[in-house]
Structure formats: structure tokens, C-alpha cells
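Worksheet: one structure, shown below.
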Amino acid sequence: MSTENMEDSQNMISLVVPVYNEEENLSELMRRIRSVMTALARPWEIILVDDGSRDRSLEILKGFTVYPEVRVVELTRNYGQHAAILSGFSVVRGEIIITLDADLQNPPEEIPRLIEAMEKDDLDVVGTIRKKRKDSLFRKIPSRIVNMVARKITGVHMTDWGCMLRAYRRKVVERMISCHEHSTFIPALATHFGKRIKEIDVAHEERHGGKSNYPLRKLITLQFDLVASFSELPIKLIMYGGVFLSIIGVLFGIFLAAARLIYGAHWAAQGVFTLFAIMFVFVGMQFFALGLLGEYIGRIYREVRKRPEYVIEKVYGGPTAGADS
Ligand code: UDP
Ligand code: MG
Numbered sequence: 250m251s252t253e254n255m256e257d258s259q260n261m262i263s264l265v266v267p268v269y270n271e272e273e274n275l276s277e278l279m280r281r282i283r284s285v286m287t288a289l290a291r292p293w294e295i296i297l298v299d300d301g302s303r304d305r306s307l308e309i310l311k312g313f314t315v316y317p318e319v320r321v322v323e324l325t326r327n328y329g330q331h332a333a334i335l336s337g338f339s340v341v342r343g344e345i346i347i348t349l350d351a352d353l354q355n356p357p358e359e360i361p362r363l364i365e366a367m368e369k370d371d372l373d374v375v376g377t378i379r380k381k382r383k384d385s386l387f388r389k390i391p392s393r394i395v396n397m398v399a400r401k402i403t404g405v406h407m408t409d410w411g412c413m414l415r416a417y418r419r420k421v422v423e424r425m426i427s428c429h430e431h432s433t434f435i436p437a438l439a440t441h442f443g444k445r446i447k448e449i450d451v452a453h454e455e456r457h458g459g460k461s462n463y464p465l466r467k468l469i470t471l472q473f474d475l476v477a478s479f480s481e482l483p484i485k486l487i488m489y490g491g492v493f494l495s496i497i498g499v500l501f502g503i504f505l506a507a508a509r510l511i512y513g514a515h516w517a518a519q520g521v522f523t524l525f526a527i528m529f530v531f532v533g534m535q536f537f538a539l540g541l542l543g544e545y546i547g548r549i550y551r552e553v554r555k556r557p558e559y560v561i562e563k564v565y566g567g568p569t570a571g572a573d574s
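Just so you know, we're using this note's numbering here: the sequence shown kicks off at 250 and counts up by one.
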């Protein structure tokens, strides 16, 4: 790499955009991004990841490779938004990496502010909070719940987890791709790998065209990804529940023994209550054992998730275009 190139990549901004059935939005997206980025007057590149779109998205994206800044990553199938972004991360060259959605809900005009915030305080991650979020109530309420649960579980205070318009330092991105995690949630993952994190307010717009790729079903899956990849809380709850039941059982048993001594054998329905007490203890123990098993299965699960989180079919465009294909 020549010295000129080295300086280039140190100053370079990389944009990563996951694309899934966004044919109506792509040319407008490209137009706005290009006008913002040329105005910045510094080296930049954009990685557009086609996440197995079934419409004309890939074709349109390939057309964009006439611009030297554009590279298109074609995945073998639909891996989901976060895996698509990770695959984009694996080929970025810039020092600051910015992710945004392809549907223009994240206005590209906010990009310079993200870069400014990052460079001013030498941050690792710049998070964002959507001001005046333009989504239906039906879409906002589940995401409010997602935000709340995410805060509780990960213990990281991020106000808005869902907004993908975010900036990451190269080292944070490298750490994220090196952990090869399946079904992950990038904003949460980033909090593990970056120290200096700050949030700024950004605008949010209506979807430009097409419809959301997140029906309720996918949203629930995403929520579970978040819970399951970042904590063992559900399993722990079973364990705690088991301990709690056992304690109640023991206390009940003690109470029954005492009551029997005071009131005689007639009380407590000839031992039926005692049976309940014993059952409580056993049921509790069973839950506890289940939780313990789950705990180990969870650990194994984390170990065996070595499956590639995405497979790149081909990369189009970029400065080396034509050289390797
Ligand atoms: N997306 C993707 N793969 C998917 C679903 C979505 O790459 O399986 C992309 C989509 O093209 C968009 C972004 O992720 O750029 C956010 O998706 P969408 O706008 O549907 O989500 P919402 O804004 O409704 O949360
Ligand atoms: Mg959207």
C-alpha cells in the first residue's frame, strides 16, 4: 500500500448499508448520500450489502458500481439486517464506519454531524436517538419495550437501541467481526467493544418507499436474539423460580409441623397439606435442576455457534474492480 493510500484510509469514511427488497429507494438513497459525501471533501466509500433481495435491488446496486466509491456485497441468501451489516464490516477500509438503513428513514444529511461528534471527543461509538420518530404506534410500542428490556439486560444505558444510524471506530468494528457471533444485535455488541460512547439526536423520516421488513414475527425474533445473545436471564429466572418454590415448600412444611403439634393430627386434612409442602420442595428442585441444565446447554450453545454468520457470494466494484474477476 502506498503512503498516499495509507493516509487515505486513515481519513476515510465507510458507509455500510444493508439492502433487502429496497428497489424503490435505492436511487434516491444514492443521490442523497453522494451529495452529502462529496460535500465533505474527504475520502469515502460505501458498501451496499444485498441481503438476498427478491426484487431488482441487486441489479440496481450493481449499476452503482460505475462510481469508484461503491462496492456491492452479494450474500447467498437473506441473513437478516445485522448479519448483512457484519458482512459489510468485513470489507470496509475506512477509519470511521457508519451504518444506516436503505429506506431513507435515517437521513444521510446527518452523517457529517456523526463524524463531527466522533472526532471532536475522540469517541469509539456514536449512538443516536431518533427525534420525532416517524413510525406507526404499532411499530413504536414494541420498540419501546425492546429498548427497555435491552437496557435492563445489557446494563448499558442507551436510550434508543433501534436506530441504526450510528458511527463506529475501525477498531470497534474489527472487534465485532472477530467475535463471529450468530444472531447478534450490533448496537448492543458495540457497547462491549467500545469504551467512549456518546449519543446524539438525529432526525428520523418516513420510509421512502416499499414497506417495513419487520413484521411483528421478525421483531419478536430480534428481541429474542437480543435477550439470548446478551444474557442468560431467561434460564436464570427458571433457576431462581425453583429456589423460591423450594424455600416456600420448606417454610410451608415447618408451618405445618408446628400447626400439627399445636392442633393435633386432625388438623391439616390428615397429611394432605404435608404432601403439598413436600411437593413444593420437589417441584422447586426440579425447576432448579432444569435451570441448571439450561445453564450448561446455554454455554454449549454459545460454544457451538461457529456457523458462519453470513456467506458472501461476490463483491462487485471498488478500486480493484475488474482486477480479480
Ligand atoms: N434489512 C436487511 N435484511 C432483512 C431485513 C431488513 O438487510 O432481513 C435492511 C432493510 O433493507 C433496511 C434495514 O435493514 O435497510 C431496516 O429494515 P426496515 O426498514 O424494514 O426496518 P424498520 O425501519 O421497519 O425497523
Ligand atoms: Mg425502516
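A virtual CB, placed ideally from N, CA and C, is assigned to each residue, including glycine.
- With fewer than 16 neighbouring CB atoms inside 10 Å of its own CB, His-406 falls in the exposed class.
- When DSSP states are grouped into helix, strand and coil, Ser-284 belongs to the helix group.
- Per DSSP, the unbroken beta strand (DSSP E) holding Leu-264 starts and ends at 262 to 268.
- With respect to the C-alpha of Val-285, the residue from Gly-540, Glu-481 and Leu-363 having the closest C-alpha is Leu-363.
- Under the rule that a run must span 3 or more residues, the beta strand (DSSP E) segments found entirely inside the segment 443 to 489 read 446 to 452.
- The beta carbon of Arg-418 is closer than 6 Å to those of Asp-373 in its chain, skipping five residues each way along the sequence.
- Between Pro-436 and the set Arg-382, Val-422 and Gly-547, the nearest pair of CA atoms involves Val-422.
- Assignment of Glu-294 by DSSP, reduced to helix, strand and coil, places it in the strand class.
- Going by beta carbons, Val-322 and Ile-296 fall inside the 9 Å limit.
- Asp-384 and Phe-434 do not touch by the CB rule: their CB atoms are close to 19 Å apart, not below 8 Å.
- By the criterion of a C-beta distance shorter than 7 Å, Asn-260 is surrounded in its chain by Arg-291, Pro-292 and Glu-344, once the five residues flanking it on both sides are discounted.
- Annotation: the continuous alpha helix (DSSP H) that includes Lys-420 extends over 419 to 427.
- Exposure of Gly-404 is indicated by the presence of fewer than 16 other C-beta atoms within 10 angstroms of its C-beta.
- The segment 436 to 452 and the segment 499 to 515 do not touch, with fewer than three beta-carbon pairs separated by less than 8 Å.
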